[in-house]
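A.B. asks: Protein chains in written order, with the working numbering: chain A, 167 to 544; chain B, -9 to 394. No residue lacks a Cβ here, since even glycine has one placed at the ideal position from N, Cα and C. Once you've had a glance at the structure underneath, I'll fire off some questions.
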Amino acid sequence: MNFSFSEDQTLLRNSVRAALDEQCKPAHVRAMMEDRGNGYGESLWGEMAKLGWLGLPFPEEQGGAGLGLVELALVLEEMGRAAYPGPYFASVVLAGLGLQAGGSAAQKEKWLPAIASGQARGTAALLEDSLDWDPAATTTTATKAGAGWRLDGVKRFVPWAHVADVALVPARAPEGVSLFLVDPRAAGVTLTPMVGIDLANRWSEIRLDGVAVSAEALMGAAGGAGPVLEGLLRRAAVGASAEMLGAARRCLDMSVGYAKVREQFGQLIGSFQAIRHRCAEMLLEVEKAHAAVYYAAWALSAGAEDAAMAASVCKSFVSEAARQVCGDAIQVHGGIGFTWEYDLHLYFKRAKSLEPLYGDAAYHRELLIRGQVLHSDK
Amino acid sequence: MDLNYTAEDVAFRKQVRAWLEQNMPRQIRDLQERKVWHRKLYEAGYLGMGWPREYGGQGARPMEQAIVADEMARAGAPAPTNGLGVGIVGPTIVVHGTDAQKRRYLRKILTAEEMWCQLYSEPNAGSDLAALRTAAEDKGDHFQVNGQKIWTSGGAIADWGLLLARTDPAVAKHKGISCFLIDMRQLGVDVRPLKQITGSSEFCEVFLTNARVEKENLIGRLGEGWGIAQTTLGYERGGRALARITSYASQYRQLMAAARRLKRNGRPILDDPVTRQKLGRIWTDLEVERYGALRVLTMLERGEHPGAGGSLTKLSYSEFEKRFMELAEEILGPYGQLTDGVPAEYRLEVDTAVGDHGTWAYAFLWSRAGTIYAGSSEIQKNVIGERILGLPKESRADRVGGTR
């Protein structure tokens, strides 16, 4: 039993933090928020490829570092802490882990080294018009057309689709829910930006109107996408939780720092119990979120018996804890925390934008109870 | 990071489980039977496991201690007795006591031949424990103690007490306190049980009138009592982490079972989405508590003391227990309030209940105690704010001068 980071893991976290402190300062985040182009920095992307972050969880033979989800969560936590603007999560977690779990040898060979080197970016289109994360609810259709397939439907809230070279798209084939690799620039694909409150995290609507894909675009067997998508959803939920944790920790640090310098009534506000107790509660939530994220990351990596449950515990807990902590941070700061100029809202919005994705707290609570009922019915 | 138990730990767990199956009593009817069970646990090496071997301990690793407590909770084993002796007084004597004190007291704590209580809080010194006024006066060959203590758990059955008393009223209040071992079976000690909101009387008030403490029963040096009490409160935080969660988990399973049987609109309330959300919230929080306990165990295994981190653990589980019981009461409706006449299907099995009362009502009422005893949630938040986050101390009138 060892619930602490190894020396290598600590080194990795320190190096990610140092690099992002240097190259992903709030000024960079703000510049990307206002960027009329792609909304992420190519030079930082190149740096991330060089540092091995973009292939971190992929096998070495596919250009990766062969590390696990704990290491990936460490990197994602730092990205949340920096409100990193760019397609890291979409490319490495959604596309990368999805391909790793469900791709053929040829599909992996084509995409994973390209993602790891930063030459290609990917994403996954997991949500439609209805807010249902259950893969079985997929309504986008896949009909056979010659040797290939024809896709029709609408996907929403697809992160960084506008810069993606490949998107994992679930669609309902006659055999059942299947997973396809789609080029977002292909004929029949229409992207429309969906602008949320977190301007450093870009979403698109993807409209598929008779999009023709080849037989090789199908991942795995037709009708067999369920388990791959469920596994991907769990990993995405834990990865998003790691980012929310990072954002929450940043908000806590800023609040404590502020409470140590801001004076009112002739005293530092941190000496008032109203502020001190709130900060203590924020720390408790952050520490619990830390335990939830890294327990789940370890459980998924190790294939532990309770891995699926741990992922749902993690997302349902962290979604609410991060919201609470980041909101409390605004309250501790008072008026300054409500201004655009002050950086707090960057992290507040990062946590908020990830809260409903990959299943919100209520969705994962329901999954937990469903799992327990099934288990005890056996 | 590796959250698997080692092969050694798994084997030890099996051994403990087998021992419990063989030796666990079905029912405990009185203190005498509990002492017999306590003695059996001690002889098997499952009590005071972390204490030095020369004083009756096993020198066991924190993980082994956690496994024993966890297996006992899993099996629904009756608790041993002398909880404050084993949990607090013993460890205090191990750390701060003289060799003579260790030889005299430790083994008899483990065998429950001598029962202990803790004489800390006073009517006007609760959260502000350092404001205590019970005085111990040096009479040459002994100390003479006068004052009143309150919230003394197990006071009525205690043979000995761990006492905080003021020995120097002239210095700053934290500096004038000393720590003693006091014989509870003497004329100057008057113990009166207090009836709690549960209807039971685990607490007492204790009146000390010219009570006698021998010179050799001072722990540490004069004026060091406050520091000693801080480490003592530290033991109270975090030690039983895993076992506590196992008990909660078994209560949770019984709540699930009740939700299957209870019907509303002709369907089990377990089918009701609102109820499912409540259950999911309890289970999420409970699992997060378990992960936290594993983190604490990792620290203890490496020989690190959680220090102020113990305040996070205590704040966390005590507040969780309140939320848990409030949601359980919502799910169970009026069945959750029954103290007698509980239909069998809505009873809380005694082995997972708090104390010997097989009711949710009792567990619910008891959940109000955790955020008050051993430093209220507000005190824990002060500790966390000052000692972990480094926030400035509040300006307090009592930070200057003595108590008189």
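What residue range does the alpha helix (DSSP H) around residue 262/A cover?
C.D. replies: By 1-based counting over the first sequence, the position of residue 262/A is 96. Taken as a continuous stretch (DSSP letters only), residue 262/A belongs to no alpha helix (DSSP H), as it is neither H nor E.
A.B. asks: Under a three-way DSSP split, which group does residue 438/A fall into?
C.D. replies: As a first step, residue 438/A must be located in the first sequence, where it is residue number 272. Correct three-state label for residue 438/A: coil.
A.B. asks: Distance check for residue 232/A and residue 178/A, CA to CA, integer angstroms please.
C.D. replies: In the first sequence, residue 178/A corresponds to position 12, counting from 1. In the first sequence, residue 232/A corresponds to position 66, counting from 1. In a straight line, the C-alpha of residue 178/A is about 14 Å away from that of residue 232/A.
A.B. asks: Would you say residue 263/B and residue 250/B are within 8 Å of each other, going by their C-beta atoms?
C.D. replies: Looking up residue 263/B in the second sequence gives position 273. Looking up residue 250/B in the second sequence gives position 260. Their beta carbons are not under 8 Å apart, which means residue 263/B does not touch residue 250/B by this criterion.
A.B. asks: Compare the C-alpha of residue 127/B against each of 118/B, 203/B, 189/B and name the closest.
C.D. replies: As a first step, residue 127/B is located in the second sequence; it is residue number 137 there, counting from the start. Answer by Cα proximity: 203/B.
A.B. asks: Where do the N-terminal and C-terminal ends of the beta strand (DSSP E) with residue 272/A fall, by residue?
C.D. replies: The residue given as residue 272/A occupies position 106 in the first sequence. Where residue 272/A is concerned, there is no enclosing beta strand (DSSP E), although the alpha helix (DSSP H) it sits in stretches over 271 to 282.
A.B. asks: Candidates 379/A, 274/A, 199/A, 403/A: which alpha carbon is nearest residue 299/A's?
C.D. replies: Along the first sequence, one-based indexing puts residue 299/A at 133. Taking only the C-alpha atoms, the option nearest residue 299/A is 403/A.
A.B. asks: Let me see if you follow: with CB-CB separation under 8 Å, is residue 95/B close to chain A or not?
C.D. replies: Position 105 of the second sequence holds residue 95/B. Chain A contact via Cβ: absent.
A.B. asks: Is any non-hydrogen atom of the ligand ADP found closer than 7 Å to the C-beta of residue 252/A, if you look at the structure I gave you?
C.D. replies: Ligands in the displayed structure: none, and consequently the ligand ADP is not present.
A.B. asks: Taking its Cβ as the centre, do 16 or more other Cβ atoms sit within 10 Å of residue 285/A, making it buried, or is it exposed?
C.D. replies: Looking up residue 285/A in the first sequence gives position 119. Under this definition residue 285/A is an exposed residue.
A.B. asks: Can you pull the chain B neighbours of residue 170/A, defined as C-beta to C-beta under 9 Å?
C.D. replies: For the purposes of this step, residue 170/A is taken as the residue at position 4 of the first sequence. -9, 285, 288, 289, 292, listed in chain order.
A.B. asks: Between residue 531/A and residue 266/B, what straight-line distance do the alpha-carbon atoms span, to the nearest angstrom?
C.D. replies: Locating residue 531/A in the first sequence gives position 365, counting from the first residue. Locating residue 266/B in the second sequence gives position 276, counting from the first residue. Cα-Cα distance, rounded: 8 Å.
A.B. asks: Quick check: what's the CA-CA separation for residue 166/B versus residue 367/B?
C.D. replies: One-based indexing of the second sequence puts residue 166/B at position 176. One-based indexing of the second sequence puts residue 367/B at position 377. Roughly 26 Å separates the two Cα atoms.
A.B. asks: Three-state secondary structure (DSSP) at residue 433/A?
C.D. replies: Taking the first sequence and counting its residues from 1, the one referred to as residue 433/A is at position 267. Here residue 433/A sits in strand by DSSP.
A.B. asks: If we ignore side chains and look at the alpha-carbon of each, how far apart do residue 228/B and residue 305/B end up?
C.D. replies: Your numbering for residue 228/B matches position 238 in the second sequence. Your numbering for residue 305/B matches position 315 in the second sequence. With a pLDDT of 46 at residue 228/B, under the threshold of 50, the modelled position of that residue is not reliable, and the figure given next carries that caveat. Going by the C-alpha atoms only, they are around 10 Å apart.
A.B. asks: Grab me the residues of residue 145/B's own chain with a C-beta within less than 6 Å of its C-beta, minus the 5 sequence neighbours each way, in chain order.
C.D. replies: As a working mapping, residue 145/B is identified with position 155 in the second sequence. Excluding positions up to five away in sequence, the list reads 107, 181, 194, 196.
A.B. asks: Between which two residues does the alpha helix (DSSP H) carrying residue 4/B extend?
C.D. replies: Along the second sequence, one-based indexing puts residue 4/B at 14. Residue 4/B -> alpha helix (DSSP H) spans -3 to 13.
A.B. asks: Show which residues of chain A have a CB atom less than 9 Å away from the CB atom of residue 305/B.
C.D. replies: Walking along the second sequence from the start, residue 305/B turns up at place 315. In chain order: 446, 447, 450.
A.B. asks: Sort 470/A, 268/A, 437/A, 288/A by Cα distance to residue 391/A and report the nearest one.
C.D. replies: As a first step, residue 391/A must be located in the first sequence, where it is residue number 225. The residue with the shortest Cα to Cα distance from residue 391/A is 268/A.
A.B. asks: Would residue 251/A pass as a contact of residue 199/A if the rule is Cβ separation under 8 Å?
C.D. replies: As a first step, residue 251/A must be located in the first sequence, where it is residue number 85. As a first step, residue 199/A must be located in the first sequence, where it is residue number 33. Against a cut-off of 8 Å, the Cβ pair of residue 199/A and residue 251/A comes out as a contact.
A.B. asks: Output, in chain order, the set of chain B residues within a Cβ distance shorter than 7 Å of residue 434/A.
C.D. replies: Translated into positions along the first sequence, residue 434/A becomes position 268. Within 7 Å Cβ-Cβ: 382.
A.B. asks: May I ask which residues mark the beginning and end of the beta strand (DSSP E) holding residue 138/B?
C.D. replies: Within the second sequence, the letter at position 148 stands for residue 138/B. Start and end: 132 to 139.
A.B. asks: I'd like to confirm the pairing. Which residues does DSSP put opposite residue 253/B in its beta bridges?
C.D. replies: Translated into the one-based positions of the second sequence, residue 253/B becomes position 263. Paired residue(s): 258/B.
A.B. asks: Counting only beta-carbon separations shorter than 8 Å, does residue 491/A have a partner in chain B?
C.D. replies: If you number the first sequence from 1, residue 491/A lands on position 325. No, residue 491/A lies away from the interface with chain B (no Cβ there is under 8 Å from its Cβ).
A.B. asks: Rounded to whole angstroms, how far is the Cβ of residue 336/B from the Cβ of residue 276/B, which I believe are closer than 8 Å?
C.D. replies: Residue 336/B sits at position 346 when you count from the first residue of the second sequence. Residue 276/B sits at position 286 when you count from the first residue of the second sequence. The Cβ separation is near 21 Å, so there is no contact.
A.B. asks: Based on the DSSP secondary-structure assignment, which residues constitute the bridge partners of residue 546/A?
C.D. replies: Past the edges of chain A, shown from 167 to 544, lies residue 546/A, and the structure says nothing about it.
A.B. asks: Give me the chain B residues within the contact set of residue 189/A, using Cβ-Cβ distance strictly less than 9 Å, ordered along the chain.
C.D. replies: Your numbering for residue 189/A matches position 23 in the first sequence. Neighbours of residue 189/A on chain B: none; closest Cβ ~27 Å, over 9 Å.
A.B. asks: Name, please, each residue of chain B whose Cβ falls closer than 9 Å to the Cβ of residue 236/A.
C.D. replies: Reading the first sequence from its first residue, position 70 is the one you call residue 236/A. Within 9 Å Cβ-Cβ: -9.
A.B. asks: How would you write the range of the alpha helix (DSSP H) that residue 237/A sits in, first residue to last?
C.D. replies: Start at 1 with the first residue of the first sequence, and residue 237/A comes out as number 71. It spans 235 to 248 - the alpha helix (DSSP H) in which residue 237/A sits, taken as one unbroken run.
A.B. asks: I need the straight-line Cα distance from residue 236/B to residue 65/B, nearest angstrom please.
C.D. replies: If you number the second sequence from 1, residue 236/B lands on position 246. If you number the second sequence from 1, residue 65/B lands on position 75. For residue 236/B and residue 65/B, the distance between alpha carbons rounds to 10 Å.
A.B. asks: Residue 232/B and residue 50/B - do their beta-carbons sit closer together than 8 Å?
C.D. replies: Locating residue 50/B in the second sequence gives position 60, counting from the first residue. Locating residue 232/B in the second sequence gives position 242, counting from the first residue. No, Cβ-Cβ distance for residue 50/B and residue 232/B is not below 8 Å.
A.B. asks: Rounded to whole angstroms, what's the CA-CA distance from residue 142/B to residue 105/B? Just pull it up for me.
C.D. replies: One-based indexing of the second sequence puts residue 142/B at position 152. One-based indexing of the second sequence puts residue 105/B at position 115. So the two alpha carbons sit approximately 13 Å from each other.
A.B. asks: Identify the continuous alpha helix (DSSP H) that holds residue 372/B and give its terminal residues.
C.D. replies: Taking the second sequence and counting its residues from 1, one reaches residue 372/B at position 382. Run containing residue 372/B: 367 to 373, per the alpha helix (DSSP H) assignment.
A.B. asks: Which of the three DSSP states is assigned to residue -9/B in this structure?
C.D. replies: Stepping through the second sequence from its first residue, residue -9/B is reached at position 1. Residue state, collapsed to three classes: coil.
A.B. asks: Is the distance from the Cβ of residue 184/A to the Cβ of residue 513/A below 8 Å?
C.D. replies: In the first sequence, counting from the first residue as 1, residue 184/A sits at position 18. In the first sequence, counting from the first residue as 1, residue 513/A sits at position 347. For residue 184/A and residue 513/A, no; Cβs fall outside 8 Å.
A.B. asks: Return the residue from the list 240/B, 168/B, 150/B that minimises the CA-CA distance to residue 158/B.
C.D. replies: On the second sequence, residue 158/B is found 168 positions in, with the first residue counted as 1. It is 168/B whose Cα lies nearest to the Cα of residue 158/B.
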